[in-house]
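In terms of UniProt numbering, the sequence shown opens at residue 41 and continues consecutively.
Here a beta-carbon is modelled for each residue, glycine too, at the ideal position from N, C-alpha and C.
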Amino acid sequence: SEHHFSDFDKLEVLGHGNGGIVYKVCHRPTAALYALKVLHAGDPQSRRHAAREVEILRRAADHPSVVHCCGVLPAPSGDVAVLLELMDSGCLDSLLRRRRGRPIPDRALSGIARQALLGLSYLHSLQVVHRDIKPSNLLINTAGEVKIADFGVGKIVRRALDKCVSYVGTCAYMSPERFDPATHGGAGYDGYAGDVWGLGLTIMELGMGRFPLLPAGERPDWAALMWAICFGEPPAIPDSDEASPELRDFVSRCLQKEAEKRWTVAQLLEHPFVAGKDRSSSELAVRELLLDSVCDSS
Ligand code: ADP
Ligand code: MG
41 SEHHFSDFDK
51 LEVLGHGNGG
61 IVYKVCHRPT
71 AALYALKVLH
81 AGDPQSRRHA
91 AREVEILRRA
101 ADHPSVVHCC
111 GVLPAPSGDV
121 AVLLELMDSG
131 CLDSLLRRRR
141 GRPIPDRALS
151 GIARQALLGL
161 SYLHSLQVVH
171 RDIKPSNLLI
181 NTAGEVKIAD
191 FGVGKIVRRA
201 LDKCVSYVGT
211 CAYMSPERFD
221 PATHGGAGYD
231 GYAGDVWGLG
241 LTIMELGMGR
251 FPLLPAGERP
261 DWAALMWAIC
271 FGEPPAIPDS
281 DEASPELRDF
291 VSRCLQKEAE
301 KRWTVAQLLE
311 HPFVAGKDRS
321 SSELAVRELL
331 LDSVCDSS
């Protein structure tokens with residue numbers, strides 16, 4: 041790449057997690073703004089993780105609904121810096137917090153769901169399983185675009201029968217078959233259906249204004265959560281919540297506990313909640329949502 045680490049000025053921290061720290065940066069020679077994700081690569085395990093994230097980005101980041109990777113540069117002390125297009129409205133997790141629990145209305149939510157599905161459809165066609173679909177990994181910009189980010193625990197499916205059981209990252213959005221492959225259709229499990237579960241739970245959370253599987257304000261009991269995901273009823277929007285029949289049905293198709301019964305991304309793109317929308321009307325609905333969400337923080 042023609043980019044050099046020393047040509048970037050760090051402006052602010054956009055986020056940090058397991059993978060590393062993400063900065064908003066300015067490329068001094070051109071004054072262009074980017075996000076720069078600095079991945080730790082000091083020890084062999086983090087080097088392997090960083091290499092996998094970079095491999096997936098190189099393979100898969102060329103779609104309007106996937107955050108574009110503009111280059112990979114060596115960083116000080118052996119770290120790896122990934123230059124990403126800047127998503128200037130942040131992630132859906134922070135958007136929801138800005139709204140202080142106010143649910144996202146259907147019009148915008150279906151635009152979000154549709155764009156996320158288009159991104160997933162692209163990834164799955166390249167045999168990439170994301171494995172960490174959740175609000176903090178879906179980013180938005182002021183153009184109203186929604187893009188999938190963070191391939192920190194992503195996976196390239198090489199063998200059809202690869203078992204994708206692992207406990208990286210948060211388990212709150214993990215599907216039943218990842219916890220318990222034997223009883224939830226995990227045999228022959230390739231992981232694609234796990235992304236649909238994560239999307240279903242994400243859309244449900246955005247549509248309810250709160251994470252549906254944990255009581256608000258309490259310290260999460262992860263064991264109880266995992267038990268509920270595996271052995272409880274499938275998550276559904278409570279009757280007491282206001283939600284359209286289309287949204288309820290969409291979410292229920294994503295949150296089938298048996299991986300084989302869950303709809304695929306291709307099927308979901310035909311679902312009435314998201315079907316028949318073009319990209320520009322999806323983006324317009326998300327732009328309206330951004331305006332509507334600014335008011336809350338004032
Ligand atoms: P982690 O592995 O730490 O979760 P992510 O890639 O998800 O790393 O980035 C962490 C956070 O940084 C995201 O939740 C988001 O808020 C912010 N972020 C990441 N990439 C971008 C980007 N391209 N533009 C704007 N914000 C970003
Ligand atoms: Mg993340």
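Distance cut-off 7 Å: residue i Cβ against heavy atoms of the ligand ADP
{"i": "A75", "result": "yes"}
{"i": "C110", "result": "no"}
{"i": "L158", "result": "no"}
{"i": "L124", "result": "yes"}
{"i": "S105", "result": "no"}
{"i": "S134", "result": "yes"}
{"i": "L179", "result": "yes"}
Check whether residue i and residue j have beta carbons under 8 Å apart
{"i": "G111", "j": "H43", "result": "yes"}
{"i": "I188", "j": "G159", "result": "yes"}
{"i": "G59", "j": "D190", "result": "yes"}
{"i": "L253", "j": "A212", "result": "yes"}
{"i": "G309", "j": "G247", "result": "Note on residue identity: the sequence assigns Leu, not Gly, to residue 309. Taking 8 Å as the Cβ cut-off, L309 and G247 do not qualify as a contacting pair."}
{"i": "V122", "j": "V168", "result": "no"}
{"i": "A276", "j": "E217", "result": "no"}
{"i": "A75", "j": "L124", "result": "yes"}
{"i": "L126", "j": "K64", "result": "yes"}
{"i": "L241", "j": "I180", "result": "no"}
{"i": "V305", "j": "L157", "result": "yes"}
{"i": "L329", "j": "A148", "result": "yes"}
Closer than 7 Å: residue i CB and nearest the ligand MG heavy atom
{"i": "S176", "result": "yes"}
{"i": "G57", "result": "yes"}
{"i": "D190", "result": "yes"}
Residue environment, residue i, which counts as buried when at least 16 other CB atoms sit within 10 Å
{"i": "S53", "result": "The residue you asked about is not Ser; residue 53 is Val in the sequence shown. Result: exposed."}
{"i": "F251", "result": "buried"}
{"i": "Q296", "result": "buried"}
{"i": "R327", "result": "buried"}
{"i": "T223", "result": "exposed"}
{"i": "D49", "result": "exposed"}
{"i": "I176", "result": "A quick correction: the sequence has Ser, not Ile, at residue 176. By the 10 Å Cβ count, S176 comes out buried."}
{"i": "K301", "result": "exposed"}
Option in the options with minimal Cα separation from residue i
{"i": "A233", "options": "D289, R137 and S215", "result": "S215"}
{"i": "R293", "options": "F313, D281 and S280", "result": "F313"}
{"i": "residue 369", "options": "P69, F219 and G238", "result": "The question about residue 369 has no answer, for the chain in this structure spans 41 to 338."}
{"i": "L97", "options": "G192, G141, L324 and A315", "result": "G192"}
{"i": "V334", "options": "C109, Q155, V107 and S129", "result": "S129"}
{"i": "K317", "options": "D83, L51 and S150", "result": "S150"}
Bridge-paired residues (DSSP) for residue i
{"i": "V78", "result": "I61 and A121"}
{"i": "H311", "result": "DSSP lists no partner for H311."}
{"i": "V193", "result": "According to DSSP, V193 bridges with nothing at all."}
{"i": "V186", "result": "I180"}
{"i": "F219", "result": "DSSP output for F219 lists no bridge partner at all."}
Contact with chain B by residue i, beta-carbon distance below 8 Å
{"i": "D102", "result": "Although the question refers to chain B, the structure presented lacks it and comprises just one protein chain."}
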